Every structure is written in structure tokens, then in C-alpha cells.
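Structure first, then comments.
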Amino acid sequence: MARICVLGAGVAGLSSAVNIQSILPEADITIIADQFNTESTSDGAAGNFGILLGRTNADICRLRCWTRDSFEWYHKICTSEDANIAGIHRTHGYQLWRTEQPPPFHGSFDYGYRILSKSELLKLPGNYKYGWELNTLMVECRRYLPWLMKRFKEKGGKVIRKQLKNIVEISGSYDVLVNCTGLGSRKLFDDKELVPIRGHTIRVKAPWIKTLFIADSDTYIYPGQDNVVLGGTRQRGEEKLDKDQRYYDDIMARCCSLVPSLKNAEVEKTWVGLRPWRPCVRLEVEMISVDGGRLPVVHNYGHGSDGVCISWGCGVDAANLVKQQLTETGSQRLVSKL
Amino acid sequence: MDRNFRVAVVGAGATGLSTALCIQNRIQNCDVTIIAEKFSPSTTSDGSAGLWTPFIVPDKQKEIVTRWALQTYRYLWDMFHSEAAYQYGVQLISGFNFCQEMKNEPPWSKNVVGFRRLGKEELKDYPGREFGVFYTAFTIDVPSLLSSFLRKFREQGGFVIAKKLKSLQEIDSSYDVIVNCSGLGAAELLDDATIKPKRGQVIRVKAPWIKHFYIDIDKSDDVTYILPGVNSVVLGGTSQDGNNSTEDNQADIDGIRERCLKLMPSLRDSKVQGTWAGLRPYRETLRLEIDKVTAGLKAKIVHNYGHGGSGLTLFWGCAEDATNLVLDLLKSRKARL
Chain A
1 MARICVLGAG VAGLSSAVNI QSILPEADIT IIADQFNTES TSDGAAGNFG
51 ILLGRTNADI CRLRCWTRDS FEWYHKICTS EDANIAGIHR THGYQLWRTE
101 QPPPFHGSFD YGYRILSKSE LLKLPGNYKY GWELNTLMVE CRRYLPWLMK
151 RFKEKGGKVI RKQLKNIVEI SGSYDVLVNC TGLGSRKLFD DKELVPIRGH
201 TIRVKAPWIK TLFIADSDTY IYPGQDNVVL GGTRQRGEEK LDKDQRYYDD
251 IMARCCSLVP SLKNAEVEKT WVGLRPWRPC VRLEVEMISV DGGRLPVVHN
301 YGHGSDGVCI SWGCGVDAAN LVKQQLTETG SQRLVSKL
Chain B
1 MDRNFRVAVV GAGATGLSTA LCIQNRIQNC DVTIIAEKFS PSTTSDGSAG
51 LWTPFIVPDK QKEIVTRWAL QTYRYLWDMF HSEAAYQYGV QLISGFNFCQ
101 EMKNEPPWSK NVVGFRRLGK EELKDYPGRE FGVFYTAFTI DVPSLLSSFL
151 RKFREQGGFV IAKKLKSLQE IDSSYDVIVN CSGLGAAELL DDATIKPKRG
201 QVIRVKAPWI KHFYIDIDKS DDVTYILPGV NSVVLGGTSQ DGNNSTEDNQ
251 ADIDGIRERC LKLMPSLRDS KVQGTWAGLR PYRETLRLEI DKVTAGLKAK
301 IVHNYGHGGS GLTLFWGCAE DATNLVLDLL KSRKARL
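Protein sequence lines, in the order shown, are assigned to chains A and B.
Position 276 of the first sequence, counting from 1, maps to 276 under the working numbering, and the rest follow consecutively.
Position 31 of the second sequence, counting from 1, maps to 31 under the working numbering, and the rest follow consecutively.
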């Protein structure tokens with residue numbers, strides 16, 4: 001029986017683990033992570049399903065697959081009885097720009113976007129010259145991660161809370177590793193291409209806000225199930241996680257200028273986190289040498305701002321790579337038993 | 001004229017309060033008094049989902065109703081752009097309106113943001129529905145709207161009297177103009193047999209993950225709707241002619257629940273906050289005019305009632321027009337003096 005270890009319990013790790021279980025029901029799967037649920041980077045994300053090409057150099061073909069597979073999955077859950085438990089709901093709103101833009105990448109995969117007319121732009125906030133109506137959904141990790149974890153455990157998945165300093169600590173115990181450690185891969189796999197991009201969000205109680213707004217791509221208002229997420233910042237290379245009030249004040253001011261009634265919103269929680277950005281997502285197999293043997297590592301990290309959006313599709317891809325590794329080399333242990 | 005013009009507004013629902021406020025805002029040297037039996041949160045308006053949607057428009061009044069609706073739409077957009085949207089309970093929301101067929105776009109559609117027919121792909125998600133439109137509108141938390149209207153009205157010097165009137169004679173000598181916004185109350189107050197209740201049963205649930213409205217009138221004329229308000233989602237509904245019971249009906253409630261669950265399975269988990277049955281003040285034509293007929297009264301009467309299920313769609317446009325009529329009466333009074 002193949003022994004698989006998934007490193008990381010964020011949305012990438014859980015999505016990979018659940019997918020692996022689905023195509024390898026006999027496999028023994030363990031998630032090893034030091035951050036779960038509210039401790040994870042995924043938890044801070046608003047979870048808006050939206051992806052623009054400008055920020056990633058990913059292989060378009062693969063990105064299409066990941067995006068399409070992800071949306072199909074979220075849509076299935078969104079229209080089911082479990083929508084609210086899994087934390088996925090449909091959204092509608094507007095993305096406003098100062099200048100004309102190429103069509104949004106995600107527009108081909110979600111419920112559809114539409115270029116706004118001049119008269120519509122006049123009714124909408126600000127003096128924006130160009131914009132889209134967006135019809136998409138929101139995947140809220142506060143509920144989605146525990147929902148995935150429940151499925152994983154119900155099918156026999158195991159979980160170990162542990163902070164790994166080095167792969168050799170566990171390499172002898174597994175046949176395949178699935179690396180979903182995000183920024184953790186800087187140390188664990190010596191990836192020098194990873195760059196943290198710091199982001200701040202404010203979650204407010206504003207139940208009268210049912211419409212999403214994004215302005216200039218960096219100011220956003222996302223209506224979640226329990227609160228509204230206001231953001232944001234995009235600070236490349238910054239790593240300190242102190243909550244500098246000036247950034248939150250600035251976010252609040254920008255959001256209030258779009259929707260003035262937000263001045264009445266009660267702040268529930270502020271957050272700061274690091275997007276695990278990489279010039280392109282690393283989703284591939286690497287053979288590493290350990291203890292005189294070779295151990296396949298399926299990498300699935302470096303999703304930047306798009307982690308939640310493409311998580312399911314990446315999980316499907318990662319699971320297929322895992323299966324491939326096991327089929328090619330048989331399900332015996334790959335590391336010599338000495 | 002050495003005293004202020006005295007106007008009484010009868011009724012304190014959405015129609016009465018918006019009319020009273022509009023008169024206050026636009027007419028100088030005018031004392032406005034609201035006289036009503038019921039105030040928020042006990043009015044018919046309070047129980048409604050507060051949806052702006054001019055779908056059911058009496059053919060005879062297509063143009064004028066469209067105008068009132070669009071005036072109200074603009075008012076709501078202005079409200080959205082202000083901080084006060086919160087106090088007034090104005091919520092920008094978009095959604096789906098399924099219909100059996102649509103030969104032409106409704107006359108108001110060009111002025112409504114995002115109005116479009118649903119495509120075949122989209123309709124696949126809603127089996128059994130062949131046509132539908134999507135547009136951006138509003139739902140209003142009516143208790144917030146009414147309490148804000150009343151507060152503003154009082155701040156601006158308005159008077160409020162809680163009293164059930166049996167006839168307009170009771171107040172005739174105290175006012176120059178009476179604006180009748182009594183809704184169904186007009187049946188008794190004016191002996192108007194043409195205003196009739198159309199009963200609507202609703203269920204309010206907690207379902208904060210629902211961010212769109214859904215309206216569906218299926219082949220059997222059962223109306224189904226899911227209308228998210230600020231703190232609850234209104235599930236409905238019924239449209240029962242001549243039924244004047246405000247008691248909850250379990251068969252209606254069960255039917256609503258079943259139809260809404262089919263449309264949105266995740267409602268299964270939603271917690272019920274309450275049920276309610278209200279009487280839409282339905283009239284074949286919405287009566288917004290100066291009364292030329294009522295004899296034996298010194299005061300002039302302006303009518304503004306019979307909004308059916310469209311009260312929250314038309315209120316501001318109607319309030320402005322009613323105010324125009326009051327202004328006309330003021331001018332002709334000045335001319336006579």
C-alpha cells in the first residue's frame with residue numbers, strides 16, 4: 001500500500017490530499033503541517049474566484065485546466081445543499097478601472113463577465129472610465145478548509161501536527177511526498193524564486209453589502225457569508241506580520257470612497273498575511289536523493305494571489321502526478337530498506 | 001396668508017412617510033402632520049421584503065408607473081452612494097427574475113443597470129425555466145427606512161398623531177389638504193370598494209450566504225421568491241385575491257418552503273426567524289390624483305394609494321407626484337386669497 005505524505009494543510013495541501021484519496025482509495029495518506037485552519041495563509045484570503053493574467057507567468061494551457069476544473073468543482077458545491085457549510089456562494093458585482101483592459105482570464109470560466117456601458121459607469125461609484133460586471137463565486141477557507149479536512153479524515157486520512165525543518169525527518173517513511181508548503185518551500189526545498197507579497201485585510205460586519213466591488217485591482221469589497229472582506233495591499237518582499245494600523249486606515253478610506261455606507265461597518269478582525277508568489281506556480285515532480293534512494297516529490301506551491309481560486313484544479317493535477325509516480329515505479333517502497 | 005399651509009398625511013407606511021417627507025422638503029411654510037393607526041414595525045410595508053421590481057405593472061398605467069419606478073430607482077442609487085444607505089436600509093443587490101415568456105423588454109429595462117436576458121447556458125442551472133432576466137436593483141430593510149423617514153420628519157418639525165380615523169370628516173376642519181396614503185384603509189375611510197387585499201405569506205430565514213434575489217413565476221401561477229434583506233432572507237410567496245387573513249397559513253408556508261428549497265438546496269439549513277402574512281393593497285389602477293368628487297369636505301384631498309405589491313418600487317416617484325399635486329393646490333389656494 002503506497003504511503004503518501006502531503007506537506008501543508010492550507011487549501012493546496014487539503015485539495016491535493018482529497019484528490020489523491022479520490023483516485024487512490026487504497027493509499028495511506030498523511031498530512032503533515034504546522035499550521036491549520038485559522039493559522040493558515042489560506043484562511044486570510046477572501047477567496048474571490050478571479051484571476052488576471054498580468055500577475056502570473058504560468059503556462060496558459062495548464063492555467064486554463066486548473067481554473068476550469070476548480071470552477072466546475074466550486075459550482076457543483078455552490079448549487080448543492082452543502083454550499084453554506086462548505087463556505088462557497090455565488091457573488092455579483094463590479095470591477096472598475098481607469099483605463100481599458102483586456103478581458104479577464106477568469107471570465108471564460110466563471111458565470112460570465114460583461115463590459116459595462118457608459119451609462120452604467122455613471123451610476124457606479126467613482127469616476128471610472130472602464131469596468132466589468134462580474135458574476136463569480138467566493139470560496140471562504142474559514143469553512144472550506146474544515147469541510148475538506150472532514151472529508152479527508154472520514155476516508156481514513158491521517159494528520160500530524162509537526163513543523164518540519166528538513167525533509168530527511170520524514171523521507172524514510174513515505175513513497176511519495178506532495179509539497180504544498182507555500183512559502184515554507186524557501187527553507188524546505190531551497191526555492192529562491194519564492195517572494196512573499198504581503199497583504200492586509202479587514203473583515204467588517206456589514207450585512208447590507210451584497211455586491212462586490214474591485215477598483216484599480218487593489219481596493220476590494222467582497223461580501224462573505226459572515227462578514228465583508230475589505231482590502232487590500234500588495235507589498236512585494238515585505239515579511240513582517242505586525243499589524244500596522246496605517247495600512248488598515250488606508251484600506252478603510254479607499255473602500256469607503258467606493259461605498260460610503262461602509263463607514264457604519266463594525267470592524268470584526270484585521271489580518272495580515274504573505275502571498276506565496278512565484279514567477280510561475282510550481283506543479284511538477286522532482287526526484288530527490290535521500291538515504292541512497294530516490295524519492296519523488298510532487299510540488300504544488302507558489303500560487304501567489306491565486307491559491308484559493310485554482311486550488312482544486314491544482315489538486316487534481318497533483319493527484320494525477322502522484323498516481324503516475326506510483327504506477328511507473330510500482331507501489332513498493334522507493335527508498336532502500338536498510 | 002398669515003398662517004402656514006396645513007397638510008395632513010394619513011398613513012405611515014412607506015407611501016405615507018415618503019410623501020410626508022417629500023412635502024416637508026419641497027414646500028415652504030407648510031406644517032405637515034402624519035396621522036396613522038399603525039406605525040413601523042406594524043405597517044404592511046414593514047413585513048414586505050422591500051424589493052424594487054416593477055414587474056407587475058397595470059397596463060393602463062404602464063408609462064406613469066414606469067416613471068414612478070425609475071424615479072424611485074434613481075433615489076435608491078443616490079442613497080446607495082451616501083453613508084445613509086445603512087440607516088435607511090438600502091441594499092444594492094442583483095438577481096434573477098424567471099418568467100414564462102417575454103416578447104419585449106419591459107419599458108424600464110433600458111434605465112436599469114445590468115438588465116439582460118438570461119442565456120441558454122445560464123438557464124441550464126435552473127431546470128424547467130425557459131426565460132429569465134438578470135438585473136441590478138435594491139432590497140430595502142423597511143423598518144430601517146421607515147424609522148429613518150420618521151426621525152427625519154420629526155427633526156424637520158413634523159407632527160405625528162397616532163389615531164385610527166373612521167372618516168376624513170374627523171380631521172377636515174384642521175387641514176387645508178389631506179393626503180390619503182391609507183392603503184387598504186381606504187376601503188373603510190373612503191368607502192372605496194375597488195381596493196382589495198392580495199394576501200402574501202412569507203417566511204424569514206437566516207441565510208447570509210445568499211447574495212442574489214430570485215423571483216420565479218411558474219406555469220401554475222405559484223409565485224416563488226428568495227429575497228435577501230439586510231439581516232434575513234424573505235422566502236415567498238402567495239398572491240391570494242380577496243383573502244384578508246393575516247394569520248399564517250401552514251399549507252402556504254409548506255408550499256413556499258418546498259418551492260424555495262428546489263430553487264436553492266442550501267436553504268435546507270437555514271434557520272427560520274419568523275413567518276408573516278400581509279395584505280397587499282391592490283387596486284386595478286393606482287390612485288394618485290386630486291379628489292374631485294368627495295363632497296362635504298372643506299379640505300382638499302390628494303390620493304396616493306393602491307400600490308399593490310409595488311409599494312417599495314414606486315414610493316419615491318409617487319411621493320414626488322403627490323407633492324406636485326399638493327403644490328398645485330397651494331398655488332390655487334394662494335390665487336383665490
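By construction, the Cβ of each residue, glycine as well, lies at the ideal position given by its N, Cα and C atoms.
Quick caveat, the model's predicted, so the values are computed rather than measured.
What's the gap between the Cα of residue i and the Cα of residue j?
{"i": "residue 71 of chain A", "j": "residue 191 of chain A", "result": "29 Å"}
{"i": "residue 147 of chain B", "j": "residue 7 of chain B", "result": "21 Å"}
{"i": "residue 328 of chain A", "j": "residue 116 of chain A", "result": "51 Å"}
{"i": "residue 207 of chain B", "j": "residue 258 of chain A", "result": "26 Å"}
{"i": "residue 330 of chain B", "j": "residue 322 of chain B", "result": "12 Å"}
{"i": "residue 154 of chain B", "j": "residue 21 of chain B", "result": "9 Å"}
{"i": "residue 96 of chain B", "j": "residue 46 of chain B", "result": "23 Å"}
{"i": "residue 183 of chain A", "j": "residue 322 of chain A", "result": "21 Å"}
{"i": "residue 190 of chain B", "j": "residue 87 of chain A", "result": "53 Å"}
{"i": "residue 320 of chain B", "j": "residue 48 of chain B", "result": "22 Å"}
{"i": "residue 339 of chain B", "j": "residue 333 of chain B", "result": "Shown here, chain B extends from 1 to 337; a query on residue 339 of chain B therefore has no answer."}
{"i": "residue 229 of chain A", "j": "residue 289 of chain B", "result": "47 Å"}
{"i": "residue 334 of chain A", "j": "residue 93 of chain A", "result": "Model confidence at residue 334 of chain A stands at a pLDDT of 44, short of 50, so the residue's coordinates are unreliable and nothing is read from them."}
{"i": "residue 33 of chain B", "j": "residue 236 of chain B", "result": "35 Å"}
{"i": "residue 336 of chain A", "j": "residue 2 of chain A", "result": "In this predicted model, residue 336 of chain A has a pLDDT of only 40, less than 50, meaning its place in the structure is not dependable; the value taken from the coordinates is given anyway. Computed Cα separation, rounded: 15 Å."}
Since residue i is in the alpha helix (DSSP H), which residue starts that stretch and which ends it?
{"i": "residue 208 of chain A", "result": "From DSSP, residue 208 of chain A is part of no alpha helix (DSSP H); its letter is neither H nor E."}
{"i": "residue 140 of chain A", "result": "No alpha helix (DSSP H) holds residue 140 of chain A; DSSP gives it neither H nor E."}
{"i": "residue 336 of chain B", "result": "311 to 336"}
{"i": "residue 245 of chain A", "result": "245 to 258"}
{"i": "residue 108 of chain B", "result": "From DSSP, residue 108 of chain B is part of no alpha helix (DSSP H); its letter is neither H nor E."}
{"i": "residue 84 of chain A", "result": "83 to 86"}
{"i": "residue 46 of chain B", "result": "44 to 47"}
Residues in the same chain with beta-carbon distance under 6 Å from residue i, minus the five sequence neighbours each way, listed in chain order, please.
{"i": "residue 152 of chain A", "result": "17 and 18"}
{"i": "residue 243 of chain B", "result": "199"}
{"i": "residue 281 of chain A", "result": "58, 302 and 303"}
{"i": "residue 9 of chain A", "result": "31, 33 and 36"}
{"i": "residue 240 of chain B", "result": "199"}
{"i": "residue 277 of chain A", "result": "195, 197 and 304"}
{"i": "residue 308 of chain B", "result": "280 and 282"}
{"i": "residue 105 of chain B", "result": "none"}
Spatial neighbours of residue i within its chain, please: C-beta separation below 7 Å, excluding the five flanking residues on both sides.
{"i": "residue 241 of chain A", "result": "272"}
{"i": "residue 114 of chain A", "result": "132 and 133"}
{"i": "residue 219 of chain A", "result": "254, 255 and 258"}
{"i": "residue 166 of chain A", "result": "none"}
{"i": "residue 205 of chain A", "result": "227, 265, 266 and 268"}
{"i": "residue 100 of chain A", "result": "130"}
{"i": "residue 232 of chain A", "result": "199, 200, 201, 218, 220 and 251"}
Using alpha carbons as the reference points, say which of the options lies closest to residue i.
{"i": "residue 215 of chain B", "options": "B:28, B:94 and B:86", "result": "B:94"}
{"i": "residue 259 of chain B", "options": "B:91, B:249 and B:225", "result": "B:225"}
{"i": "residue 343 of chain B", "options": "A:74, A:23, A:144 and A:81", "result": "With chain B covering only 1 through 337, there is no way to say anything about residue 343 of chain B."}
{"i": "residue 218 of chain B", "options": "B:101, B:64, B:38 and B:166", "result": "B:101"}
{"i": "residue 50 of chain B", "options": "B:234, B:196, B:269 and B:201", "result": "B:234"}
{"i": "residue 325 of chain B", "options": "B:144, B:180, B:192 and B:240", "result": "B:180"}
{"i": "residue 234 of chain A", "options": "A:200, A:262, A:263 and A:211", "result": "A:200"}
{"i": "residue 148 of chain A", "options": "A:294, A:246 and A:14", "result": "A:14"}
{"i": "residue 130 of chain A", "options": "A:53, A:103 and A:49", "result": "A:103"}
{"i": "residue 121 of chain A", "options": "A:245, A:213 and A:265", "result": "A:213"}
{"i": "residue 113 of chain B", "options": "A:245, A:119 and A:239", "result": "A:119"}
{"i": "residue 67 of chain A", "options": "A:324, A:318, A:314 and A:296", "result": "A:314"}
{"i": "residue 283 of chain A", "options": "A:299, A:290, A:294 and A:270", "result": "A:299"}
{"i": "residue 52 of chain B", "options": "B:74, B:159, B:43 and B:32", "result": "B:74"}
{"i": "residue 27 of chain B", "options": "B:129, B:5 and B:84", "result": "B:5"}
Determine the extent of the beta strand (DSSP E) in which residue i is found, giving its start and end residues.
{"i": "residue 289 of chain A", "result": "266 to 290"}
{"i": "residue 134 of chain B", "result": "131 to 140"}
{"i": "residue 94 of chain B", "result": "90 to 99"}
{"i": "residue 174 of chain A", "result": "Note, residue 174 of chain A: premise wrong, no beta strand (DSSP E); not H, not E."}
For residue i, collect the residues of the same chain with a Cβ closer than 8 Å to its Cβ; drop the 5 residues on either side in sequence, then sort them by chain order.
{"i": "residue 248 of chain B", "result": "201, 275, 276 and 277"}
{"i": "residue 38 of chain A", "result": "142"}
{"i": "residue 77 of chain A", "result": "83, 86 and 88"}
{"i": "residue 37 of chain B", "result": "162, 163, 164, 165 and 185"}
So residue i and residue j are supposed to be a Cβ contact under 8 Å. How far apart are they, rounded?
{"i": "residue 91 of chain A", "j": "residue 41 of chain A", "result": "Not a contact, Cβ separation roughly 22 Å."}
{"i": "residue 35 of chain B", "j": "residue 89 of chain B", "result": "Not a contact, Cβ separation roughly 24 Å."}
{"i": "residue 176 of chain A", "j": "residue 7 of chain A", "result": "So it is not a contact: roughly 11 Å between Cβ atoms."}
Between residue i and chain D, is the shortest Cβ-Cβ distance under 8 Å, so that the two count as touching?
{"i": "residue 226 of chain A", "result": "This model lacks chain D altogether; the protein chains it does include are A and B."}
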